[in-house]
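For the sequence shown, the positions run 24 to 329 when the numbering used here is used.
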Amino acid sequence: MTVAGSPVIGIGEVLWDLLTDAPRLGGAPCNVLVHLRRLGHEVALVSAVGRDDLGRAAVLELAVAGVDTSSVATVSSPTGRAEVVLAADGTAGFSIASGGAYESVDLTAIEIARLARTSPAALVFGTLAQRSSTVRRSTVELAAALPDAVRLYDVNLRSGLWDQDLVGRLAAIATFVKMNRDEAAVVAPFFGVPWPGTEQFCRALRHLLGLRGVAVTAGASGAALLVDDEFVELPAVPVAVVDTIGSGDAFAAALVDGLIADRPATAILRRSIALGALVATRAGATPAWAASDLAALEAESGAASL
24 MTVAGSPVIG IGEVLWDLLT DAPRLGGAPC NVLVHLRRLG HEVALVSAVG
74 RDDLGRAAVL ELAVAGVDTS SVATVSSPTG RAEVVLAADG TAGFSIASGG
124 AYESVDLTAI EIARLARTSP AALVFGTLAQ RSSTVRRSTV ELAAALPDAV
174 RLYDVNLRSG LWDQDLVGRL AAIATFVKMN RDEAAVVAPF FGVPWPGTEQ
224 FCRALRHLLG LRGVAVTAGA SGAALLVDDE FVELPAVPVA VVDTIGSGDA
274 FAAALVDGLI ADRPATAILR RSIALGALVA TRAGATPAWA ASDLAALEAE
324 SGAASL
């Protein structure tokens with residue numbers, strides 16, 4: 024059995040979130056890995072950056088965060104970027120430029136074999152970068168090379184940057200699928216599973232796709248998690264939200280951490296809610312946080328669920 028500290032690979036986008044004050048490094052797989060590193064795991068990113076200042080800055084920042092960048096290629100396309108607009112309640116809207124360097128990921132069989140030899144406990148991927156045929160092929164082949172790993176597909180839909188076939192293909196190679204409540208309402212009809220009704224949805228999707236589990240987040244209303252046959256739903260931790268950038272990715276990081284360690288579903292969900300809430304109290308996708316901060320919110324989550 025794999026344990027905490029085991030390697031985790033993320034494949035997909037690394038980009039800069041362009042906010043009014045300053046650019047901040049982002050991209051869902053990248054964010055998940057940064058938080059997993061803080062949770063004690065060795066982490067490696069498969070992505071690409073441009074031969075530009077943003078690309079050099081991204082690699083440096085990832086290295087400082089403890090992310091292995093040996094599989095981050097440097098290519099002629101510009102480093103990915105996303106214009107971010109924050110609403111009054113801290114909710115983020117994204118306008119993502121096409122043609123980013125991360126769309127150039129194209130792993131060879133030798134590179135996939137090298138990554139597999141590290142015996143990763145988990146593989147994390149989303150939807151955005153997978154629109155590229157080379158990224159998608161690389162992800163599918165890497166997933167096939169890791170039959171015993173937790174393979175988390177974080178649906179994370181961006182307007183106009185996904186389609187039904189793509190979501191179906193990616194869900195088919197996952198062992199766990201995570202999405203928010205709005206995304207569940209969107210995907211339920213084309214999978215032919217019931218919605219609303221979170222538990223019914225999770226159980227039906229798990230059965231249909233042969234998954235081990237499904238997570239559905241609902242912001243201020245909490246979240247739900249199905250692992251094997253155990254379903255749990257917990258309330259949110261009340262916090263003062265600064266922005267929601269990366270809070271879902273933080274939730275995903277704690278989810279992966281708990282799945283790797285084979286913790287009970289309630290414990291996994293409690294920590295996932297707490298880490299997502301913690302990140303929402305600070306600016307940006309990967310703000311600094313300490314273990315004591317997370318423990319305090321986990322305790323609050325436990326009290327709130329009694």
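Glycine included, every Cβ here is placed at the ideal spot set by N, Cα and C.
Bridge pairing for LEU68: GLY33 [DSSP].
Nearest to SER324 by alpha-carbon distance, out of VAL87, PRO258, GLY269, SER155, is PRO258. In this structure, DSSP gives ILE296 a helical state, which the three-state scheme calls helix. In the DSSP assignment, ALA284 falls within the alpha helix (DSSP H) that extends over 270-284.
The count of Cβ pairs closer than 8 Å, one atom from the segment 60-68 and one from the segment 151-159, stays below three, leaving the stretches out of contact.
By the CB criterion at 8 Å, ARG47 and GLY299 fall outside the cutoff.
About 5 Å separates the CB atoms of ILE296 and ALA246; that is less than 8 Å, so the two are in contact. Separation of VAL72 and PRO310 (C-alpha to C-alpha, rounded to the nearest whole angstrom) is 22 Å. Judged by beta-carbon spacing, ASP40 lies beyond the 8 Å limit of ILE196, meaning their Cβ atoms are not closer than that value. Nearest in C-alpha terms to ALA322, of all of ARG305, ALA303, THR289, is THR289. Inclusion of CYS225 and LEU193 in the CB contact set at 8 Å is not warranted, their separation being larger than that value.
A distance of 8 Å or more separates the beta carbons of VAL178 and VAL163. With a cut-off of 8 Å on Cβ pairs, the segment 54-61 is in contact with the segment 265-279, counting three or more such pairs. Exclusion of the five residues before and after ARG174 leaves LEU146, ALA166, ALA197, THR198 as the residues of its chain whose Cβ lies within less than 6 Å of its Cβ.
Here GLY191 is exposed: its Cβ has fewer than 16 other Cβ atoms, across all protein chains shown, within 10 Å.
The C-alpha of ILE32 lies about 26 Å from the C-alpha of ARG204. DSSP places GLU253 in the uninterrupted beta strand (DSSP E) bounded by 253-257. Rounded to whole angstroms, the Cβ separation of VAL90 and VAL128 is 15 Å, and the two are not in contact under 8 Å.
Residue range 90-98 is occupied by the beta strand (DSSP E) that includes SER93, with no alpha helix (DSSP H) assigned at that position. Setting aside the 5 residues that flank it on each side, SER100 is surrounded in the same chain by ALA71, GLY73, GLY122, GLY123, ALA124, GLU126, SER127, each with a C-beta closer than 8 Å to its C-beta; the list follows chain order. If only complete runs of 4 or more residues are kept, the segment 143-186 shows the alpha helix (DSSP H) at 156-167, in order along the chain.
Around the beta carbon of ARG293, a 10 Å sphere encloses 16 or more other beta carbons of the protein chains shown; the residue is thus reported as buried. For ALA247, the enclosing beta strand (DSSP E) covers residues 246-250.
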